[in-house]
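Notes follow the structure.
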Amino acid sequence: MIKQIRLLQRYSFSALSFGLSKSAVLLGPLLLSNVLTVSDYGLVEGALAYAAIGAVLLNLGISSAIPQFLITEDKKQNIAGVYIHLGGVSLFLLAVSVAALFSNVVFGGLVLLLVLYSCFQRVMSVEYAAKSHPVLSSMSGSYMFFLLLLAGAWGYGATNMTLTNVIIILVIGLPVLLIWLGMRLDIGSVRQHSWSVQKTVYAFSVPNLVLGLFVLAFVSSVRLLGVPLFGAGQLGEYAFFFRLASIPVVLYQFLNVIWYQQIYSAEPRPADRLFCRIIIISLLALGVGYALIPAILSGYAVLLEGYTALVPDDLYLWSSIFAFFWIAIAMTELLIYREKLALKTFLIDGGIFLLLLVGFLIWSMFFNVQADIVSFVKVHIVSAGLVTFAHCEILRRVGVYLKGFFVLNILIFTLVLILIAFF
6 MIKQIRLLQR YSFSALSFGL SKSAVLLGPL LLSNVLTVSD YGLVEGALAY AAIGAVLLNL
66 GISSAIPQFL ITEDKKQNIA GVYIHLGGVS LFLLAVSVAA LFSNVVFGGL VLLLVLYSCF
126 QRVMSVEYAA KSHPVLSSMS GSYMFFLLLL AGAWGYGATN MTLTNVIIIL VIGLPVLLIW
186 LGMRLDIGSV RQHSWSVQKT VYAFSVPNLV LGLFVLAFVS SVRLLGVPLF GAGQLGEYAF
246 FFRLASIPVV LYQFLNVIWY QQIYSAEPRP ADRLFCRIII ISLLALGVGY ALIPAILSGY
306 AVLLEGYTAL VPDDLYLWSS IFAFFWIAIA MTELLIYREK LALKTFLIDG GIFLLLLVGF
366 LIWSMFFNVQ ADIVSFVKVH IVSAGLVTFA HCEILRRVGV YLKGFFVLNI LIFTLVLILI
426 AFF
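Residue numbering for the sequence shown follows my numbering, starting at 6 and increasing by one per position.
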């Protein structure tokens, strides 16, 4: 009985920390959308997208490799030093960030600061994970979003909130993170870190980096290309609704954490049943979120003023549909890592997306069509559906046939194409 109570407490604390950290990731930017101009908010979202790409590139895919390492290798091995390469990288980024900010390159400085935060957060998160502190690992991994939440709260008391105010909060919070990291970092454990462990982690991480970087860039492509293609204002509006659509995605992420080992080691049939269960739960969550979240937040969110559901330019509708395929891609991505198919998948996925992107640009430029961000999101959705099917086919060819999952996605994709064509 005592053992069961302790187990319940452990999972309760883990769920609470996961909820708090994901709440900060969602609410920090959403709160900023209320206190910044739409254009400034668009720049913040663009900076976050660029920073996420930069951080994944610099961490060499280690974030996705550590769970695989812990499942397949000896869990008692010391992993405290796996991010040792980020020490020099972070110091370099710190110097460049300071130089950029003093040169008044606000957007570039903001991006570099956020990349810097992402690097240090990963070191902190792994340090806690290595010592079996999942709650603190989860919380420290969202530190910069807690700062953005603080910046948003500050904006309610400020007469004129700008990007400069956001940067001030980030600059003030950086020494706190460094002191926290310095106090927690076990130099002895880092020194004892084995190069053989590092090589094993790299064996998992480097192939993952290629596909992981593409998937992140693909999911974030509207935010990455939004400013140059459509302007910061349109990006700010899209990013707000994309954040709202991401709220139900947190449920999938929580289920993924709970069932990670089960999914990673499952045979095709059990994996297919589990995937179908997760995708149906996610679809229901997205539908309920689309129906209820605008009503709940109406009167609190500035960008919801004048919002009308179920119209052709309903960014929330299209963002919710994309979120569904985002979840489907993320689910198949895990099995692709397991089967060591990352490079092959990257080439196919990249080809699909580039083909549709080039088609979109040709259509908008040579046929004098006034393309807007809604049109681009629709292209994004079609790309995501095709990428999901490509993942299913790649897995089928190595004996991992996700029949039920594939059929469900075909049905949803067909309905979405009809909606795009006639709505």
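C-beta atoms are modelled at their ideal positions from N, C-alpha and C, and glycine is treated no differently.
1. Helix, strand or coil, according to DSSP, for residue 324 in the structure here?
2. Between the Cα of residue 298 and the Cα atoms of 249, 266, 182, 284, which residue gives the shortest distance?
3. Rounded to the nearest angstrom, what separates residue 409 and residue 279 at their Cα positions?
4. Please go through the same chain and pick out, in chain order, the residues whose beta-carbon is closer than 6 angstroms to the beta-carbon of residue 257, but skip the five residues on each side of it.
5. Can you tell me the Cα-Cα spacing of residue 261 and residue 319, whole angstroms?
6. Under 7 angstroms Cβ to Cβ from residue 424, same chain only, skipping five residues before and after it: list those, please.
7. Express the C-alpha separation of residue 259 and residue 114 in angstroms, rounding to a whole number.
8. Which same chain residues end up closer than 7 angstroms to residue 247 when comparing Cβ atoms and leaving out the 5 residues on each side of it in sequence?
9. Taking the alpha-carbon positions, what's the residue 397 to residue 406 distance?
10. Helix, strand or coil for residue 232, going by three-state DSSP, please let me know.
11. On the three-state DSSP scale, how would you describe residue 64?
12. I think residue 393 touches residue 216, with their Cβ atoms under 8 angstroms apart; what is that distance to the nearest whole Å?
13. With DSSP collapsed to three states, give me the class of residue 261.
14. Just the C-alpha distance for residue 421 and residue 352, rounded to the nearest angstrom, thanks.
15. Using a Cβ-Cβ cutoff of less than 7 angstroms, which residues in the same chain neighbour residue 388 once the five nearest sequence positions on both sides are dropped?
16. For a quick check, are the C-beta atoms of residue 336 and residue 268 less than 9 angstroms apart?
17. Is the CB of residue 179 under 9 angstroms away from at least one CB in chain C?
18. Any idea if residue 427 is buried or exposed, counting beta-carbon neighbours within 10 angstroms, 16 or more meaning buried?
19. Quick check on the DSSP output: the alpha helix (DSSP H) that includes residue 246 runs from which residue to which?
20. Just to confirm, are residue 33 and residue 157 a CB contact at a threshold of 9 angstroms?
21. If you measure between the beta carbons of residue 221 and residue 61, is that distance less than 9 angstroms?
22. Helix, strand or coil for residue 30? Go by DSSP, reduced to three states.
23. Of the choices 355, 59, 290, 238, whose alpha-carbon is the least far from that of residue 124?
24. Please look up how many angstroms separate the CB atoms of residue 47 and residue 307, rounded, as I've assumed it's under 8 angstroms.
25. Label residue 345 either buried or exposed according to how many other C-beta atoms from any shown protein chain fall within 10 Å of its C-beta, with 16 as the threshold for buried.
26. With a CB to CB cut of under 7 angstroms and the five nearest residues on each side skipped, what residues in its chain are close to residue 339?
27. Are the Cβ atoms of residue 219 and residue 378 separated by less than 9 angstroms?
28. Near residue 35, which residues of its chain fall below 6 angstroms by C-beta distance, leaving aside the five closest residues on each side in sequence?
29. Assuming residue 225 and residue 54 form a contact by the criterion Cβ under 8 angstroms, report the distance between their Cβ atoms to the nearest whole angstrom.
30. According to the neighbour-count rule (16 or more other Cβ atoms, all chains shown, within 10 Å of its Cβ), is residue 266 buried or exposed?
31. Could you name the residues of the same chain whose beta carbon sits closer than 8 angstroms to that of residue 355, not counting the 5 residues immediately before and after it, in chain order?
32. State yes or no: is the C-beta of residue 2 within less than 9 angstroms of the C-beta of residue 241?
33. In whole angstroms, what separates the C-alpha of residue 290 from that of residue 253?
34. By the 10 Å Cβ neighbour count, where 16 or more other Cβ atoms means buried, how is residue 414 classified, buried or exposed?
The answer reads as follows:
1. Here residue 324 refers to the residue found at position 319 of the sequence shown. Helix.
2. Start at 1 with the first residue of the sequence shown, and residue 298 comes out as number 293. The residue with the shortest Cα to Cα distance from residue 298 is 249.
3. Counting from one through the sequence shown, the residue named residue 409 turns up at place 404. Counting from one through the sequence shown, the residue named residue 279 turns up at place 274. The alpha-carbon atoms of residue 409 and residue 279 are separated by roughly 10 angstroms.
4. The count along the sequence shown starts at 1 and reaches residue 257 at position 252. Within the same chain, residue 257 has close Cβ partners 287, 332.
5. Here residue 261 refers to the residue found at position 256 of the sequence shown. Here residue 319 refers to the residue found at position 314 of the sequence shown. Roughly 29 angstroms separates the two Cα atoms.
6. Sequence index remark: in the sequence shown, residue 424 carries index 419 (1-based). Within the same chain, no Cβ atom closer than 7 angstroms to the Cβ of residue 424 is found once the five residues on either side in sequence are excluded.
7. Position 109 of the sequence shown, counted from the first residue, corresponds to residue 114. Position 254 of the sequence shown, counted from the first residue, corresponds to residue 259. Rounded to the nearest angstrom, the two C-alpha atoms are 33 angstroms apart.
8. Here residue 247 refers to the residue found at position 242 of the sequence shown. 324, listed in sequence order.
9. Here residue 397 corresponds to residue number 392 of the sequence shown, with the count starting at 1. Here residue 406 corresponds to residue number 401 of the sequence shown, with the count starting at 1. Near 7 angstroms, if we compare the C-alpha coordinates of residue 406 and residue 397.
10. Taking the sequence shown and counting its residues from 1, one reaches residue 232 at position 227. In the structure shown, residue 232 sits in a helix (DSSP, three-state: H, G or I).
11. As a working note, residue 64 is residue 59 in the sequence shown. Coil.
12. Within the sequence shown, residue 393 is the residue found at index 388, counting from 1. Within the sequence shown, residue 216 is the residue found at index 211, counting from 1. Going by Cβ atoms, the distance from residue 393 to residue 216 rounds to 14 angstroms, so no, they are not a contact pair.
13. For the purposes of this step, residue 261 is identified with residue 256 of the sequence shown, where counting begins at 1. Three-state result, residue 261: helix.
14. If you number the sequence shown from 1, residue 421 lands on position 416. If you number the sequence shown from 1, residue 352 lands on position 347. When rounded, the distance between both Cα atoms is 25 angstroms.
15. Here the question's residue 388 lines up with position 383 in the sequence shown. Within the same chain, residue 388 has close Cβ partners 357, 358, 361.
16. Numbered from 1 along the sequence shown, position 331 holds the residue referred to as residue 336. Numbered from 1 along the sequence shown, position 263 holds the residue referred to as residue 268. The answer is yes: Cβ separation under 9 angstroms.
17. Going by chain labels, chain C is absent from the structure shown, which holds only one protein chain.
18. Locating residue 427 in the sequence shown gives position 422, where the first residue counts as 1. By the 10 Å Cβ count, residue 427 comes out exposed.
19. As a position in the sequence shown, residue 246 is number 241, starting the count at 1. Element bounds for residue 246: 237-251.
20. Within the sequence shown, the letter at position 28 stands for residue 33. Within the sequence shown, the letter at position 152 stands for residue 157. Yes. Within cutoff.
21. Taking the sequence shown and counting its residues from 1, one reaches residue 221 at position 216. Taking the sequence shown and counting its residues from 1, one reaches residue 61 at position 56. Cβ atoms of residue 221 and residue 61: closer than 9 angstroms.
22. As a working note, residue 30 is residue 25 in the sequence shown. Per DSSP, reduced to three states, the secondary structure at residue 30 is helical.
23. For the purposes of this step, residue 124 is taken as the residue at position 119 of the sequence shown. Comparing Cα positions, the closest option is 59.
24. As a working mapping, residue 47 is identified with position 42 in the sequence shown. As a working mapping, residue 307 is identified with position 302 in the sequence shown. Actually they do not touch by this definition, with Cβ atoms about 14 angstroms apart.
25. Position 340 of the sequence shown, counted from the start, is the residue given in the question as residue 345. So residue 345 counts as exposed.
26. As a working mapping, residue 339 is identified with position 334 in the sequence shown. Once the five neighbours on either side are set aside, the close Cβ partners of residue 339 are 268, 269.
27. Within the sequence shown, residue 219 is the residue found at index 214, counting from 1. Within the sequence shown, residue 378 is the residue found at index 373, counting from 1. Using a Cβ distance threshold of 9 angstroms, residue 219 and residue 378 do not count as a contacting pair.
28. Counted from its first residue, the sequence shown places residue 35 at position 30. The residues are 248.
29. As a first step, residue 225 must be located in the sequence shown, where it is residue number 220. As a first step, residue 54 must be located in the sequence shown, where it is residue number 49. Between residue 54 and residue 225 the Cβ distance is about 4 angstroms, and since that is below 8 angstroms, they are a contact.
30. Taking the first residue of the sequence shown as position 1, residue 266 is located at position 261. Exposed, since its Cβ has fewer than 16 Cβ neighbours within 10 Å.
31. Looking up residue 355 in the sequence shown gives position 350. Within the same chain, 219 come within 8 angstroms of residue 355 by CB-CB distance, once the 5 residues on both sides are set aside.
32. Here the chain has residues from 6 to 428 only, and residue 2 is not among them.
33. Taking the first residue of the sequence shown as 1, we reach residue 290 at position 285. Taking the first residue of the sequence shown as 1, we reach residue 253 at position 248. Roughly 5 angstroms between the two C-alpha positions.
34. Counted from its first residue, the sequence shown places residue 414 at position 409. Buried.
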